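Peer 1: Submitted below is the structure of interest, expressed as structure tokens.
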Amino acid sequence: MSRPPRILIVEDEFAVAMELEDHLGALGYTVVDHVMTGAAAIDRAAGADLDLVLMDVHLDGPMDGVEAARTIREDHPLPVVFVTAYSDDETLQRATDTTPFGYVVKPFNEREIYAAVEVALQTHALQRRVERARDDLRQLLNGLRQGTALTDGTGRLRFLSDPAARLLDVASEAATGTPWADLLPVDDEALEALQSRMDGTTDADGPVTATLAHDDGPSYRVEIEVRDDPRDSERHILVFYDVTEVHELRRMLDDRSRFHDLVGKSAPMQDAYEQIRSVAEVKTTVLIQGETGSGKELAARAIHDESPRSEGSFVTVNCAALNPDLAGSRLFGHRAGAFTGATEDREGYFEAADGGTLFLDEIGDVPLDVQRQLLRVLEEEAVTRLGETEARPVDVRIVAATHRSLDEEVAADRFRQDLLYRIRIARVALPPLRERRSDLPLLVRTFLREIRARTGADVDRVGDEALRRLLNYDWPGNVRELKNALEAALIRASGDVLRADDLPPEIREASASASSAPEEAERIRAALEQTDGNRTEAAELLGISRATLYRRLDEYNIE
Ligand SMILES: Nc1ncnc2c1ncn2[C@@H]1O[C@H](COP(=O)(O)OP(=O)(O)OP(=O)(O)O)[C@@H](O)[C@H]1O
581 MSRPPRILIV EDEFAVAMEL EDHLGALGYT VVDHVMTGAA AIDRAAGADL
631 DLVLMDVHLD GPMDGVEAAR TIREDHPLPV VFVTAYSDDE TLQRATDTTP
681 FGYVVKPFNE REIYAAVEVA LQTHALQRRV ERARDDLRQL LNGLRQGTAL
731 TDGTGRLRFL SDPAARLLDV ASEAATGTPW ADLLPVDDEA LEALQSRMDG
781 TTDADGPVTA TLAHDDGPSY RVEIEVRDDP RDSERHILVF YDVTEVHELR
831 RMLDDRSRFH DLVGKSAPMQ DAYEQIRSVA EVKTTVLIQG ETGSGKELAA
881 RAIHDESPRS EGSFVTVNCA ALNPDLAGSR LFGHRAGAFT GATEDREGYF
931 EAADGGTLFL DEIGDVPLDV QRQLLRVLEE EAVTRLGETE ARPVDVRIVA
981 ATHRSLDEEV AADRFRQDLL YRIRIARVAL PPLRERRSDL PLLVRTFLRE
1031 IRARTGADVD RVGDEALRRL LNYDWPGNVR ELKNALEAAL IRASGDVLRA
1081 DDLPPEIREA SASASSAPEE AERIRAALEQ TDGNRTEAAE LLGISRATLY
1131 RRLDEYNIE
């Protein structure tokens, strides 16, 4: 059997306290103590294992019973029953404001005391059960990955789970009572879609996809589901699914957005991928042309990796860094004693790449006499080490690259025409970054993720103004320059967002030069990429009106 309920009596008249104690004892309750002042009652409530307080409304001393009950209730979930003879209206009102569990009016009889104490104990037990259930529910909702918000019939928030508060970047408590639409930093389209689901003015009932864009914090990609509260269709439950990561991965996995290690989904890059695919199949020598930093080495690797010889080795030679006197020996190898310093036999890069691919970077910088030997090796598919007479057959696929115009080099007698024809059988042209600015948001996201993983930096996105500057700049050093600029900017940045002020000065100060139509079209594509196709946000990012954006989309035939 459970123990009898334990009661504290707070009564400054000793005789009344005794009378109460007798009644309570006769009814089977345990009177734990009897105190005479509010202060003593507060003390006692803190220490004892109590189930109920019977409190005289009028107590002698600085604190009356109403005040003492209010203080006790603030700190302890204890039911308080007031004992009163006569109370003026004001005292009665104050007592009622403390939401007491009952009154016993003097002079009392046992049945009344019994009824008041039992009702208070049962009500309290019931309240505790409800609170516990609500607590369990809250815990459950807080433990879920998705966020939950509950609105009342007027569209104000009644509840916000912790995950929802994190996504909305607000404190749950502070958000309660706020109209739901004021809390969601989403665009008008998303707001309208949510509102129409709540009003039932649309047949659509799938989740609304939106970006929660916070000025000073990370943005989240979310799917928001609107459900009617089953108890009252005027109230709604909003369920937030954070799909930021999935969204990013989907974007990354978009098979058109990268090719091997090359990143970019613009039309010029799609052309380049196609060229790489078609030359990879055959053993033909390929010349990759592109400005410095435009990804020529990555393209050479992609050709190798796509080719049937991908299992073989990929050897890179930076011809510009070859010592002119040693270039022949490095490329073709030498025999011990072939020249001063050649102390032992050594294979050259051609032999090292046997069965694989030899990437001759900056081929325009190969000295003329070595060019002659190179041509012979390419024609005969065999190398003769310096100091030897016997040629060794090699099965090497040559990929060459240059940022120079080899035609100009030929005209200036610095490059052999026959070698040019030999290496230019197939070509891959890599576009400069300024001609494919639509790839900037994707490249920026990719590099930020890489840098963050490597350095643990906090920055996870680029602010609008910073992106505008990146889109304005001409990028003479192409993707390499972009990568370096972001590295440098991240050192300066603080917080999650990279700002225009963090960028190197030449980029920060770049203004949109009078640009050609294709360049402008690329900037618009970049803005749409960044905003996931949201035209209102894209126009804002570009600093133009929506109407102008629509006109340009039409003009440039952008979907
Ligand atoms: N399309 C791209 N996607 C991802 N990274 C790129 C891309 N293009 C270039 N990079 C990066 O930029 C840097 C320079 O690339 P790479 O060395 O391939 O350029 P390059 O054209 O060979 O330069 P150079 O002419 O100066 O030798 C590298 O860090 C590379 O990873």
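The opening position of the sequence shown corresponds to residue 581 in the working numbering, with each subsequent residue numbered one higher.
Heads up, the beta-carbon is just placed ideally off N, CA and C, and yes, glycines get one too.
All values derive from a computational prediction rather than experimental measurement.
Rounded to whole angstroms, what's the CA-CA distance from A568 to D640? Just pull it up for me.
Peer 2: The structure shown has nothing for residue 568, since the chain only spans 581 to 1139.
Peer 1: Kindly examine ligand 1 and report whether one of its heavy atoms sits closer than 8 Å to the Cβ of G875.
Peer 2: In the sequence shown, counting from the first residue as 1, residue 875 sits at position 295. Answer for G875: yes, Cβ within range of ligand 1.
Peer 1: Considering only DSSP beta bridges, list what P1021 is partnered with.
Peer 2: Reading the sequence shown from its first residue, position 441 is the one you call residue 1021. P1021 is not bridged to any residue.
Peer 1: Going along the chain, which residues of its own chain have a beta-carbon closer than 8 Å to the beta-carbon of M581, five neighbours each way excluded?
Peer 2: As a first step, residue 581 must be located in the sequence shown, where it is residue number 1. Bear in mind that a pLDDT of 47 at M581, under 50, signals an unreliable position, so the number given afterwards is only what the model happens to contain. Result list for M581: empty, nothing under 8 Å.
Peer 1: May I ask you to list the residues that DSSP assigns as paired with I589?
Peer 2: Taking the sequence shown and counting its residues from 1, the one referred to as residue 589 is at position 9. H614 and L634.
Peer 1: Mind reading off the beta-carbon distance from L940 to V897? Whole number of angstroms is fine, and I expect it under 8 Å.
Peer 2: For the purposes of this step, residue 940 is taken as the residue at position 360 of the sequence shown. For the purposes of this step, residue 897 is taken as the residue at position 317 of the sequence shown. 6 Å between Cβ atoms; contact.
Peer 1: Let's see if you can read the secondary structure: which residues bound the beta strand (DSSP E) around D779?
Peer 2: The residue labelled residue 779 in the question sits at position 199 within the sequence shown. D779 -> not in any beta strand (DSSP E); alpha helix (DSSP H) instead, spanning D768 to D779.
Peer 1: Can you tell me whether V843 sits near ligand 1, meaning its C-beta is under 8 Å from at least one heavy atom of the ligand?
Peer 2: Against the sequence shown, residue 843 aligns to sequence position 263. Correct: V843 has its Cβ closer than 8 Å to ligand 1.
Peer 1: Using the C-alpha atoms, what's the distance from D945 back to N1145?
Peer 2: This structure leaves residue 1145 out entirely; the chain is present only between 581 and 1139.
Peer 1: Whose C-alpha, out of A916, D785 and L764, is nearest the C-alpha of S799?
Peer 2: What you label residue 799 is simply residue 219 of the sequence shown in a count that begins at 1. Ranking the options by Cα distance to S799, first place goes to L764.
Peer 1: Closest to G1075 by C-alpha separation, out of A1068, Q1110 and D1038, would be which residue?
Peer 2: Taking the sequence shown and counting its residues from 1, the one referred to as residue 1075 is at position 495. Measuring from the Cα of G1075, the nearest candidate turns out to be D1038.
Peer 1: Can you name, in chain order, every residue of its own chain whose Cβ lies under 8 Å from the Cβ of N1064, other than the five neighbours on each side?
Peer 2: The residue you call residue 1064 lines up with position 484 of the sequence shown. Same-chain partners within the cutoff: G1057.
Peer 1: At what residues does the alpha helix (DSSP H) containing D941 begin and finish?
Peer 2: Along the sequence shown, read from residue 1 onward, the residue named residue 941 stands at position 361. Where D941 is concerned, there is no enclosing alpha helix (DSSP H), although the beta strand (DSSP E) it sits in stretches over T937 to D941.
Peer 1: On a Cα-Cα basis, can you pick out the residue from Y853, F919, A907 and T923 that is closest to F930?
Peer 2: Translated into the one-based positions of the sequence shown, residue 930 becomes position 350. Nearest of Y853, F919, A907 and T923 to F930, Cα basis: A907.
Peer 1: Using only the alpha-carbon positions, how far apart do D767 and T1111 sit?
Peer 2: If you number the sequence shown from 1, residue 767 lands on position 187. If you number the sequence shown from 1, residue 1111 lands on position 531. Taking the straight line joining both Cα atoms gives about 11 Å.
Peer 1: Can you tell me whether N898 is helix, strand or coil according to DSSP?
Peer 2: In the sequence shown, counting from the first residue as 1, residue 898 sits at position 318. Strand at N898.
Peer 1: Does any heavy atom of ligand 1 sit closer than 8 Å to the C-beta of A879?
Peer 2: Translated into positions along the sequence shown, residue 879 becomes position 299. Checking the Cβ of A879 against ligand 1 gives yes.
Peer 1: With 16 other CB atoms within 10 Å as the buried threshold, where does P657 fall?
Peer 2: Residue 657 sits at position 77 when you count from the first residue of the sequence shown. Answer is exposed; the Cβ neighbour count stays below 16.
Peer 1: Which of helix, strand or coil does DSSP assign to I1005?
Peer 2: As a working mapping, residue 1005 is identified with position 425 in the sequence shown. It is coil, neither helix nor strand.
Peer 1: Can at least three beta-carbon pairs, one atom from the region 869-880 and one from the region 980-990, be found at a separation below 8 Å?
Peer 2: Flag = yes, the region 869-880 and the region 980-990 touch.
Peer 1: Threshold first: 3 residues or longer. Then list the beta strand (DSSP E) segments lying entirely within the region 622-710, N to C.
Peer 2: For the region 622-710, whole beta strand (DSSP E) runs of length 3 or above, ordered along the chain, are 632-636, 660-664 and 682-685.
Peer 1: Hey, quick one: how far does the alpha helix (DSSP H) through G908 stretch, first residue to last?
Peer 2: In the sequence shown, residue 908 corresponds to position 328, counting from 1. G908 -> alpha helix (DSSP H) spans A907 to F912.
Peer 1: Just to confirm the assignment, what range does the beta strand (DSSP E) spanning Y821 have?
Peer 2: As a working note, residue 821 is residue 241 in the sequence shown. Looking at the DSSP string, the run of the beta strand (DSSP E) that includes Y821 is D812 to D822.
Peer 1: Identify every run of the alpha helix (DSSP H) within the region 1023-1069, keeping only runs that are complete inside it and at least 4 residues long; order them along the chain.
Peer 2: Entirely contained in the region 1023-1069, the alpha helix (DSSP H) runs reaching 4 residues are, in chain order, 1044-1052.
Peer 1: Does any heavy atom of ligand 1 sit closer than 8 Å to the C-beta of K1063?
Peer 2: The residue you call residue 1063 lines up with position 483 of the sequence shown. Yes, the beta carbon of K1063 sits closer than 8 Å to at least one heavy atom of ligand 1.
Peer 1: Can R1060 be considered in contact with ligand 1, in the sense that its beta carbon sits closer than 8 Å to one or more heavy atoms?
Peer 2: Counted from its first residue, the sequence shown places residue 1060 at position 480. Flag set: Cβ of R1060 near ligand 1.
Peer 1: Which runs of the alpha helix (DSSP H) at least 4 residues long sit entirely within the region 1081-1128? Give them in chain order.
Peer 2: Qualifying alpha helix (DSSP H) stretches, in chain order: 1085-1088, 1097-1110 and 1115-1122.
Peer 1: Helix or strand or just coil, what does DSSP make of M581?
Peer 2: Residue numbering aside, residue 581 sits at position 1 when the sequence shown is read from its first letter. For M581, the pLDDT reaches just 47, beneath the cut-off of 50, and the residue's location in the model is therefore unreliable, leaving the point undetermined.
Peer 1: Grouping DSSP H, G and I as helix and E and B as strand, with all else coil, what is Y929?
Peer 2: Residue numbering aside, residue 929 sits at position 349 when the sequence shown is read from its first letter. DSSP places Y929 in helix when its eight states are reduced to three.
Peer 1: Report the residue from S1125, T864, R830 and R910 whose alpha carbon sits nearest the alpha carbon of I1003.
Peer 2: Position 423 of the sequence shown, counted from the first residue, corresponds to residue 1003. Of the candidates S1125, T864, R830 and R910, the one whose C-alpha sits nearest the C-alpha of I1003 is T864.
Peer 1: What first and last residue would you give for the beta strand (DSSP E) that runs through V806?
Peer 2: Taking the first residue of the sequence shown as 1, we reach residue 806 at position 226. Its beta strand (DSSP E) spans residues Y800 to D809.
Peer 1: Who are the near neighbours of V802 in its chain, counting only those whose CB is closer than 7 Å to its CB and skipping five residues on each side?
Peer 2: Your numbering for residue 802 matches position 222 in the sequence shown. Cβ neighbours of V802 beyond the five flanking positions: L747, A790, L792, F820, Y821, D822 and V823.
Peer 1: Tell me which residues share the same chain as Q855 and place their Cβ nearer than 6 Å to its Cβ, disregarding the 5 neighbours each side in the sequence.
Peer 2: Counting from 1 along the sequence shown, the entry for residue 855 is found at position 275. Closer than 6 Å at Cβ, skipping near neighbours: V1008.
Peer 1: If you draw a straight line from the C-alpha of I693 to the C-alpha of L632, how long is it?
Peer 2: Translated into the one-based positions of the sequence shown, residue 693 becomes position 113. Translated into the one-based positions of the sequence shown, residue 632 becomes position 52. If I take the Cα positions, the gap works out to 13 Å.
Peer 1: Using three-state DSSP, classify M598 as helix, strand or coil.
Peer 2: Within the sequence shown, residue 598 is the residue found at index 18, counting from 1. Three-state DSSP puts M598 in a helix.
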